[in-house]
Amino acid sequence: MELGRDRRRRERLERLHAIFDRITPLTPLSYVDARLLMAELSGDKLWFLHPKPAYRSASRQWHPDVGGDAKVFRLLQVVNDTVERGPR
0 MELGRDRRRR ERLERLHAIF DRITPLTPLS YVDARLLMAE LSGDKLWFLH PKPAYRSASR
60 QWHPDVGGDA KVFRLLQVVN DTVERGPR
């Protein structure tokens, strides 16, 4: 069972890393994708009701200093910036 959990976590990290790697100035993260990613990264489907606490909670979970992943943490920052800017 533990092996399955590790494999799922590794696959999830690989998918999130791939999303981050595709973000460039010419191909920015869309607002819709950012909203979906915020729900996933925060673990809260209703994050939009209280966006700041959801972002802080996700930051604590994904911060590399507390066992999170540096690339996913950077993705979270991009997601938060995109959500704060709103749709364009």
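Counting from 0, one number per residue, gives the positions in the sequence shown under numbering that gives the first Met the number 0.
We put the beta carbon where it would ideally sit given N, CA and C, even for glycine.
Just so we're clear, the structure is a prediction, and the values are computed from it rather than from any experiment.
Per DSSP, R87 lies in no alpha helix (DSSP H) and is assigned neither H nor E.
When rounded, the separation of the alpha-carbon atoms in H62 and N79 is 14 angstroms. Per DSSP, the continuous alpha helix (DSSP H) segment holding L40 begins and ends at 30 to 41. Taking H16 as the centre and dropping the five residues before and after it, the same chain places the C-beta of K70 closer than 6 angstroms to its C-beta, in chain order.
With a cutoff of 8 angstroms on beta-carbon distance, D43 and A53 are scored as near each other. When the five nearest sequence neighbours on each side are left out, the beta carbons in the same chain lying within less than 8 angstroms of the beta carbon of S58 are those of F72, L75, in order along the chain. Under the three-state reduction of DSSP output, I18 falls in the helix class.
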